[in-house]
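The numbering of the sequence shown is our numbering, which starts it at 1023 and goes up by one.
Comments concern the structure below.
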Amino acid sequence: MKIAILPGDGIGTEIVAEAVKVLNALGLRFEMETALVGGAAFDAHGHPLPPATLKLAQEADAILFGAVGDWKYDTLDRQFRPEQAILGLRKNLGLFANFRPAICYEQLVGASSLKPELIAGLDILIIRELTGDIYFGQPRGRRVAPDGNFPGAEEAFDTMRYTRPEIERIAHVAFQAAQKRSKRVTSVDKANVLETFQFWKDVVTEVGKQYPDVALDHMYVDNAAMQLVKAPKKFDVVVTGNMFGDILSDEAAMLTGSIGMLPSASLNASNQGLYEPSHGSAPDIAGKGIANPLATILSAAMMLRFSLGQPQAADRIEAAVKTVLSQGLRTADIYSAGTRRVGTLEMGDAVVRALQT
Ligand code: NAD
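Right, dumping it as structure tokens:
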């Protein structure tokens, strides 16, 4: 089991260290190799995804990724910005299917900004297409003034585009995931305005005919954004494109109390996967030792289940996370009165202890 460890920037290094600690406590044999990615890689090698990092990722069974980015890179040419490393890994490894489960742990019902009755028992799965849509559209660009200055720019454009095979394969992933859950899929689109998403809707409907045991409904993205906070438990599996999925999954994160609780998996056709928390590098709290490592630890559990064939080890980690929450331990983002506030390190240590007992 070869794991590429790519901590990245900001809190990435802090939270990945805790997840590695938890993996090491399982008593399994892993081959782990660490490499720079994102801003850290740009600083050291002049590129956010250096060839050696990409090679390590390609040769691994799975990648454990922290987060990349910092405001200080915002003025760099886009190709050198840290976030390009994630897009590069997704594209090069063909990681087209992003799984973002949003589960509200009963111990954290009070940490959400929504009423407890709306989110208690919440367990939804957002499946986001990850290698198409406007984030990878061509052409893209900005028509700048003849003098090349930004203030003189006339327009900017990114092309939204999906091909039939791209929609078909993510639709199959969603229907198959639904077969293992409550057999309901909601496909989110904007078919009333965008040709791309009328096509999306048509293709998803067509694929759905191969899964007569799964109920399919369609929802416009603006309504889906509203329903997610109005009655989130109405959803089970949600499948959508790259941009809508990006936004809706962050919204769903807040249903669970904190984005620091949300793991994610991005898989390719051969189940090789990149596992990362749903949040970013949080430069505002980096280096303070207060970031919540649980999303990354839960991402490691998803890695064991999806890419490394170790479902029991995944169950053990998830049970250990529930144990520490039941013990009342909370990082700052999920803290509420009557619980005990801990830092990143202490939270990781507590999960390790829960694993061992
Ligand atoms: P962010 O997710 O980094 O932070 C949003 C808010 O959530 C911040 O207040 C942060 O402190 C908090 N937060 C995030 N993770 C947390 C954790 N584990 N524990 C406690 N609090 C946490 O999003 P942002 O501020 O919009 O972006 C910061 C940088 O991250 C940007 O450079 C952005 O491009 C990058 N980013 C990277 C990824 C990725 O690596 N996959 C994803 C999103 C954003």
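Just so you know, even glycine gets a beta-carbon here, dropped at the ideal spot from N, CA and C.
Computed from a predicted model, the values in this text were never measured in an experiment.
{"Query": "On a CA-only basis, which of L1147, Y1157, I1125 and I1085 is nearest Q1106? Give me that one, please.", "Result": "Y1157"}
{"Query": "With three or more C-beta pairs closer than 8 Å as the rule, is the region 1126-1142 touching the region 1277-1289?", "Result": "yes"}
{"Query": "At which residues does the alpha helix (DSSP H) containing F1266 begin and terminate?", "Result": "N1264 to L1277"}
{"Query": "Using only alpha-carbon positions, find the residue among G1060, F1219, C1126 and T1075 that is nearest to G1091.", "Result": "G1060"}
{"Query": "Name the DSSP bridge partner or partners of T1056?", "Result": "I1027"}
{"Query": "Out of L1330, G1360, Q1332 and A1323, point me to the one whose CA is closest to A1342's CA.", "Result": "A1323"}
{"Query": "Would you decide whether Q1378 is buried or exposed? Buried here means 16 or more other CB atoms lie within 10 Å of its CB.", "Result": "exposed"}
{"Query": "Give the C-beta separation of V1207 and V1261 to the nearest angstrom, bearing in mind that I take them to be a contact with Cβ-Cβ under 8 Å.", "Result": "6 Å"}
{"Query": "Spatial neighbours of P1305 within its chain, please: CB distance less than 7 Å, with the 5 preceding and 5 following residues excluded, ordered by chain position.", "Result": "G1032, D1092 and W1093"}
{"Query": "Taking the Cβ atom as the reference point for each residue, do G1159 and R1183 lie within a distance shorter than 7 Å?", "Result": "yes"}
{"Query": "The beta strand (DSSP E) that contains H1240, what's its start and end?", "Result": "A1237 to Y1242"}
{"Query": "Assuming Y1297 contacts I1085 under a Cβ cut-off of 8 Å, what Cβ separation, rounded to an integer in Å, is found between them?", "Result": "7 Å"}
{"Query": "In whole angstroms, what is the alpha-carbon distance linking M1265 and L1152?", "Result": "9 Å"}
{"Query": "Tell me the rounded alpha-carbon separation between N1046 and M1023.", "Result": "13 Å"}
{"Query": "With H, G and I counted as helix, E and B as strand and the rest as coil, what does DSSP make of F1087?", "Result": "strand"}
{"Query": "Roughly how far, in whole angstroms, is the beta-carbon of V1259 from the beta-carbon of L1117, given that I think they are within contact range, below 8 Å?", "Result": "About 19 Å separates the two Cβ atoms, so there is no contact after all."}
{"Query": "Looking only at its chain, what residues have a beta carbon closer than 6 Å to the beta carbon of D1145, apart from the 5 residues adjacent to it on each side?", "Result": "I1125"}
{"Query": "Using C-beta distances below 7 Å, list every residue in its chain close to L1078, excluding the 5 sequence neighbours before and after it, in chain order.", "Result": "A1026, E1055 and A1057"}
{"Query": "Since T1208 sits in a beta bridge, which residues does DSSP pair it with?", "Result": "D1239 and V1260"}
{"Query": "Do G1302 and the ligand NAD come close, with the Cβ less than 6 Å from some heavy atom?", "Result": "yes"}
{"Query": "With a floor of 3 residues, list each beta strand (DSSP E) that falls wholly inside the region 1099-1167, ordered by position along the chain.", "Result": "1119-1125, 1145-1151 and 1162-1165"}
{"Query": "Please state if the CB of V1044 and the CB of E1312 are separated by a distance shorter than 7 Å.", "Result": "Going by the sequence as given, residue 1312 is Ile instead of Glu. No, these two residues do not count as a Cβ contact at 7 Å."}
{"Query": "Tell me whether A1342, by its Cβ, gets closer than 6 Å to a heavy atom of the ligand NAD.", "Result": "no"}
{"Query": "Pick helix, strand or coil for S1292, following the three-state DSSP scheme.", "Result": "coil"}
{"Query": "Identify whether P1234 lies in helix, strand or coil by the three-state DSSP scheme.", "Result": "coil"}
{"Query": "With respect to 6 Å, is the separation between the Cβ of A1089 and the closest non-hydrogen atom of the ligand NAD below this value?", "Result": "yes"}
{"Query": "Ends of the beta strand (DSSP E) at A1178?", "Result": "E1177 to D1180"}
{"Query": "Which first and last residues belong to the alpha helix (DSSP H) in which Q1080 is found?", "Result": "P1073 to E1081"}
{"Query": "What does DSSP give as the partner residues of E1188 in its beta bridges?", "Result": "According to DSSP, which records beta bridges pairwise, E1188 is partnered with nothing at all."}
{"Query": "Tell me whether P1254 sits in a helix, a strand or coil according to DSSP, three-state version.", "Result": "helix"}
{"Query": "When you compare only the Cα positions, how much space is there between Q1009 and T1097?", "Result": "Past the edges of the chain, shown from 1023 to 1379, lies residue 1009, and the structure says nothing about it."}
{"Query": "With M1324 as the anchor, note down where its alpha helix (DSSP H) starts and where it stops.", "Result": "L1316 to F1328"}
{"Query": "Are the beta-carbon atoms of R1150 and G1267 separated by less than 7 Å?", "Result": "yes"}
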